[in-house]
Amino acid sequence: MALPGWMLYLIHTLFPADTRRPTELGADVLIIATGAILFYILIIKGRWRHVWTEWITTVDHKKIAVLYLIGAIAMLFRAGVDALMLRTQLALPHQHLLSALEYDQLFTTHGTIMIFFMAMPFIFALFNAVIPLQIGSRDVAFPRLNAMSFWLFAFGALLLNMSFVVGGSPSAGWTAYPPLSENVFLPGVGQNYYLMSLLIAGIGTTMTGINFVVTILRMRAPGMTLMKLPLFAWSALMTSALIIFAFPPLTVALSMTLIDRLFQSSFFTLGHGGMPMMYVNLFWLFGHPEVYIVVLPAFGIFSEVVATFSSKRLFGYEVMVASLVSIMFLAYGTWVHHFFTMGAGPAVNAFFGLSTMLIAIPTGVKIFNWIFTMWGGRIRMTVAMLYQMAFIPTFVIGGATGIILATVPVDYQFHNTYFLVAHFHNVLIGGTLFGLLSGMYYWWPKMFGMKLDEHQGKWAFWLFFLGFWVTFFPQYLLGLEGMQRRMNTYPFGLGWHLLNVISTIGAFGMGAAFIVLVYNVVWSLRYGERDLTGDAWDGRTLEWAISSPAPEYNFARIPVITDRDPWWAMKESGATLANSLSPADIHAIEMPKNTPVPFLLGASFFLFGFGMVFSWWYVAVLGLLCVIATLIYSGFNYEEHALLTADVIRGTEASLGRLQA
Amino acid sequence: MSLPLAQEETGLEPGLPLELADERESIKVTGFWMFLVTDVLIFASLFASYAVYRSRVAQAPGPAQVFHYGPVLLETLLLLTSSFTVGIAIWAMRTGRVRMLFFWLAATLVLGAGFVTSEIHDFTSMVGQGLTWHQSAFLSAFYVLVGTHGAHVTFGIFWAVTLLFQVARRGITPITARKLYTFSLYWHFLDIVWVFIFTFVYLGGKIG
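Those protein sequences? They're chains R and Z, same order as listed. Residue 1 is where the first sequence starts when you use the numbering used here, and the numbers rise one by one after that. Residue 1001 is where the second sequence starts when you use the numbering used here, and the numbers rise one by one after that.
Take a look at the structure:
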């Protein structure tokens, strides 16, 4: 029986040949299985209402943090599997487990997901979980916008991940340089997926940047001057400022590519005066600040962790702040170092080489200050602290190879070799991911009210740390021997064989670390040590002054801040938040109300994006109309807040043991 | 011993305009300024691209041949005037004159609609002459830069219409005042962007 024409069209468009390979079919099975499990839990067991009211419509920054964390870990899994497939292919010369196209698709999604859908949401998870508590606020400045940011991220991530099984993955690398990313060379829908998902998630990220700048500038507890702001909050402020200034050029670069692809303009085409290098400039105008967007939060986390677990005040607070601020400014002056080989000339290249080396100064200052903080302190070797201590040598080496790459003549040799690959994994894993994991172990009790098991955590740490070095140190040597990045296989006899085997073994070590990490989380959720004090680590900053997890309203009364380490100072002077409030102190609080608007907005953008990807204009227009309808509905809805009565708060505080009898 | 507790005051801060007197609304105004920063950077990126692409005309005509100065002058007059009228509207809002506010806001929107109409007409006539953005990188950059501004103005018109309905229903409250005020910031911002477009794109096209 012949299928009707429209059905054949749909099948060929949605499931072209490159979505019918074994890996994709395996993914299909996994997706269907996950879908079945979700269906069982939500519909059959009737948890739908709970998930809807407590999670999907929530505007509570603490719950949004959990959602971001789940998203980030899931994406870490997806992009990690990509990496393992790449490393399996490269383990031996002349392997063809993956076709060249498949290999290209996998390194594209690996990079894109790790940066945009793993690192960014992981950072926002920690911002959301910690910043309002640290600055003594009841929520972020714009709770509804915060939820919108999350749902735009979630639906953007969904769109990109869908490309693997519906329509075909992008394959032009995470940077997606034209002219390769143009229609002439990649006519499928893969690049459209890349562009639409990043544009949608990028709107969310920009809104998060705005949200945290305003939160930190306007919502601090009285007495918390900027020079009393905890360093994690400082790093969040600088990160958010970077986001605000860096994402617009990306939006423009991606939009221009999209218009080129879908509507035949001539920005980055080879003919009609188009100039692909303009894209590269705009992309890295975003891309280099992005490097600092993902690493500054890690710096902030380490500054908190090192002070807490050394039981000492952070060394050189003012200089730490100054170096954060100067890194923020310098980050804008270095973008050309990603393409010295463009041939902009000696003067331009020398400027950008020097400005790149300049960043080593504030970063070096920070490294010394962390070491000086540990100096003479009573150091506790918790998992969070282990990541901090592993970070210092790892990041120093990553930074040093960065200086090598910033030396222009040398860069002409190393450009796009495995030396570069090793360098940026060295700083992104050794800096960002170590920092995020450190922060996760450190703030886990505050987010969930229980500790992650330390013993299992140490296993995960050592596997991760050693796996990292076994993976990436050989890649430096491979780069020196001339192995290019993004090559899908290589011949015998170049001397790359052994080093590649070692690198692949290391990669699987990191894969094992991920499994232990997930086991650690799942085990601890069931059997982990509960934290009833609210101050699991003998902490210093304000978030440890309240119970774990924090009540809905965070602070029944906002305290007045008099010290840089307010909770530490309170403990020193014998004060405590427990039993400190009398019932008469407590008044009603207005809290933001749950709303379905953010979820609906994300879903509408998803529909719009999907229509754009396949150039199905009716779907795209329908999606856009849904976006507009959601925004109008939101604009006419004035019931943004609900009153939490004093009695409810008294009840909560009493049950937490924080009310005078 | 207990720790010092902050006095949490609600209510309006005296001596400030309505949209800034309420703490929560005033925070939203700060947020809107931050949004404007991102929008400035969108336009900065587009201007930078235009500067690069200006001379890359390929086989198509260049700036001096394609620009029509009549419509541009008209558009400039309409938009600059609308910035003035929205200023009066905000003044009316602050002095509590709802009918006057309505009149001047509506006038702003009519002027804005005139601007958009003229621009659309200008663009369609250019496309009618075969000057599509496919022809050259210069035309791509021109259409996208000026078109992004035009799309902003169009969005602003629809936004303000929803605000008119809200004010009609609720009068001038801290919330509606903040919404009108942020709209006026947005509108002035678009006016400033137009000044740059007029100078660098259109006048620059004449000399260069």
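Just so you know, even glycine gets a beta-carbon here, dropped at the ideal spot from N, CA and C. All figures in this text were calculated on a predicted structure; none of them were measured in a lab.
Exercise. Taking only beta-carbon atoms, is Thr1030(Z) less than 8 Å away from chain R?
Worked result: Interface with chain R (8 Å Cβ-Cβ cutoff): Thr1030(Z) is included.
Exercise. From the beta carbon of Met162(R), is the nearest beta carbon of chain Z less than 8 Å away?
Worked result: Not one chain Z Cβ lies under 8 Å of Met162(R).
Problem set entry | Cβ-based burial, Gln1059(Z) [other Cβ within 10 Å; buried from 16] | The residue in question, Gln1059(Z), is exposed, as its Cβ has fewer than 16 Cβ neighbours within 10 Å.
For this session: Within the same chain, show all residues whose beta-carbon is closer than 7 Å to that of Pro1014(Z), passing over the 5 residues directly before and after it, in chain order.
Result: Taken in chain order, the list of residues that qualify is empty.
Problem set entry | Length at least 3, wholly inside the segment 400 to 435 of chain R: the beta strand (DSSP E) runs in chain order | Listed in chain order, there is nothing to give.
Problem set entry | Pick from Ala1137(Z), Leu1145(Z), Phe1200(Z) and Ala1177(Z) that is closest to Pro1061(Z), judged by C-alpha positions | Checking every option, the nearest Cα to that of Pro1061(Z) belongs to Ala1137(Z).
Exercise. Which residues in chain Z sit within 8 Å of Tyr638(R), going by Cβ to Cβ distance?
Worked result: Residues of chain Z passing the Cβ test: Arg1170 and Ile1175.
Exercise. CB-CB under 7 Å to Val189(R), same chain, minus the five flanking residues each way: which ones, in chain order?
Worked result: Only residues of its own chain outside the window of five on either side were considered, and among them Gly167, Gly168, Val613 and Phe614 have a CB closer than 7 Å to the CB of Val189(R), listed in chain order.
Exercise. Under a CB-based cut-off of 8 Å, is Met278(R) close to chain Z?
Worked result: Flagged as an interface residue toward chain Z: Met278(R), by a C-beta distance shorter than 8 Å.
For this session: Consult DSSP for Arg1094(Z) and reduce its assignment to one of helix, strand or coil.
Result: Reduced to three states, the DSSP call for Arg1094(Z) is helix.
Exercise. Any idea what DSSP makes of Pro132(R), helix, strand or coil?
Worked result: Helix at Pro132(R).
Exercise. Is Arg258(R) helix, strand or coil when you go by DSSP?
Worked result: Looking at the sequence shown, residue 258(R) is not Arg but Leu. Reduced to three states, the DSSP call for Leu258(R) is helix.
Exercise. Which of the three DSSP states, helix, strand or coil, is assigned to His96(R)?
Worked result: Note: His96(R) maps to coil in three-state DSSP.
Exercise. Does the beta carbon of Glu1025(Z) come closer than 8 Å to any beta carbon on chain R?
Worked result: Output row for Glu1025(Z): interface = no.
Exercise. Would a check of beta-carbon distances place Val1116(Z) closer than 8 Å to chain R?
Worked result: Closer than 8 Å: no.
For this session: List the endpoints of the continuous alpha helix (DSSP H) containing Ala221(R).
Result: No alpha helix (DSSP H) contains Ala221(R), which DSSP labels as neither H nor E.
For this session: Taking all protein chains shown into account, decide if Pro559(R) is buried (16 or more other Cβ within 10 angstroms of its Cβ) or exposed.
Result: With 16 or more Cβ atoms within 10 Å of its Cβ, Pro559(R) is classed as buried.
Exercise. Are at least three pairs of beta-carbons, each pair with one atom in the segment 54 to 70 of chain R and one in the segment 449 to 466 of chain R, less than 8 Å apart?
Worked result: Because the criterion of three Cβ pairs below 8 Å is not met, the segment 54 to 70 of chain R and the segment 449 to 466 of chain R do not touch.
Exercise. For the segment 1127 to 1142 of chain Z, which residues have a beta carbon sitting closer than 9 Å to at least one beta carbon of chain R?
Worked result: Per Cβ criterion, the list reads Thr1132, Trp1133, His1134, Gln1135, Ser1136, Ala1137, Phe1138, Leu1139, Ser1140 and Ala1141.
Exercise. Within the 8 Å Cβ cut-off, does Ile1192(Z) reach chain R?
Worked result: The beta carbon of Ile1192(Z) sits no closer than 8 Å to any beta carbon of chain R.
Exercise. Of all the residues that make up the segment 1036 to 1050 of chain Z, which are near chain R by a beta-carbon distance shorter than 9 Å?
Worked result: Hits within the stretch, in order: Val1037, Thr1038, Asp1039, Val1040, Leu1041, Ile1042, Phe1043, Ala1044, Ser1045, Leu1046, Ala1048 and Ser1049.
Exercise. Taking three-plus beta-carbon pairs below 8 Å as touching, is the segment 179 to 189 of chain R in contact with the segment 124 to 139 of chain R?
Worked result: No contact exists between the segment 179 to 189 of chain R and the segment 124 to 139 of chain R.
Problem set entry | Own chain, CB closer than 7 Å to Thr57(R), minus 5 neighbours either side, in chain order | Around Thr57(R): Asn594, Thr595, Pro596 and Phe599.
Problem set entry | Within chain A, partners of Val214(R) - CB distance below 8 Å | You won't find chain A in this structure, because its protein chains are R and Z.
Exercise. Looking at C-alpha atoms only, which residue of Met238(R), Ile404(R), Asn369(R) and Ser311(R) is the closest neighbour of Leu330(R)?
Worked result: Comparing Cα positions, the closest option is Met238(R).
Exercise. Which residues does DSSP pair with Ile589(R) in a beta bridge?
Worked result: In the DSSP assignment, Ile589(R) is bridged to Leu644(R).
For this session: Could you name the residues of the same chain whose beta carbon sits closer than 7 Å to that of Met1001(Z), not counting the 5 residues immediately before and after it, in chain order?
Result: Bear in mind that the predicted position of Met1001(Z) carries a pLDDT of just 38, short of 50, making it too unreliable to give a figure here.
Exercise. Just checking, does the segment 147 to 157 of chain R make contact with the segment 198 to 214 of chain R on the three C-beta pairs under 8 Å criterion?
Worked result: The way I'd put it, the segment 147 to 157 of chain R does touch the segment 198 to 214 of chain R; three or more beta-carbon pairs between them come closer than 8 Å.
For this session: Check the Cβ-Cβ distances between Glu1119(Z) and every residue of chain R, and say whether any is below 8 Å.
Result: Contact with chain R is absent for Glu1119(Z), since none of that chain's Cβ atoms lies less than 8 Å from the residue's Cβ.
For this session: Could you tell me whether the segment 620 to 636 of chain R touches the segment 222 to 235 of chain R, using the rule of 3 or more Cβ pairs below 8 Å?
Result: Not touching, per the Cβ criterion.
Exercise. Within the 8 Å Cβ cut-off, does Ala1113(Z) reach chain R?
Worked result: Taking Cβ atoms only, chain R never reaches closer than 8 Å to Ala1113(Z), which makes this a no.
Exercise. Between Phe340(R) and the rest of its own chain, which residues show a CB-CB distance below 6 Å, the 5 nearest in sequence each way excluded?
Worked result: Take Phe340(R), set aside five residues on each side of it, and the residues of its chain with a beta-carbon closer than 6 Å to its own are Asn349, Val408 and Asp411, in chain order.
For this session: Return the Cβ separation of Ser181(R) and Val213(R) in integer angstroms, given the expectation that the two are a contact with Cβ distance under 8 Å.
Result: Contact between Ser181(R) and Val213(R) does not hold, since their C-beta atoms are separated by about 32 Å, which reaches or exceeds 8 Å.
For this session: Use the C-beta contact count for Ile404(R): other C-beta atoms within 10 angstroms, 16 or more gives buried, fewer gives exposed.
Result: The residue is exposed, with fewer than 16 neighbouring Cβ atoms inside 10 Å.
Exercise. Given a limit of 9 Å on CB to CB distance, which residues of the segment 577 to 596 of chain R reach chain Z?
Worked result: When C-beta distances to chain Z are compared with 9 Å, the residues of the segment 577 to 596 of chain R below that value are Leu577, Asn579, Ser580, Leu581, Ser582, Asp585, His587, Ile589 and Glu590, in chain order.
For this session: Could you say if the segment 294 to 313 of chain R and the segment 530 to 547 of chain R meet the contact criterion of at least three C-beta pairs nearer than 8 Å?
Result: The segment 294 to 313 of chain R, when compared against the segment 530 to 547 of chain R, does touch it at the 8 Å Cβ threshold.
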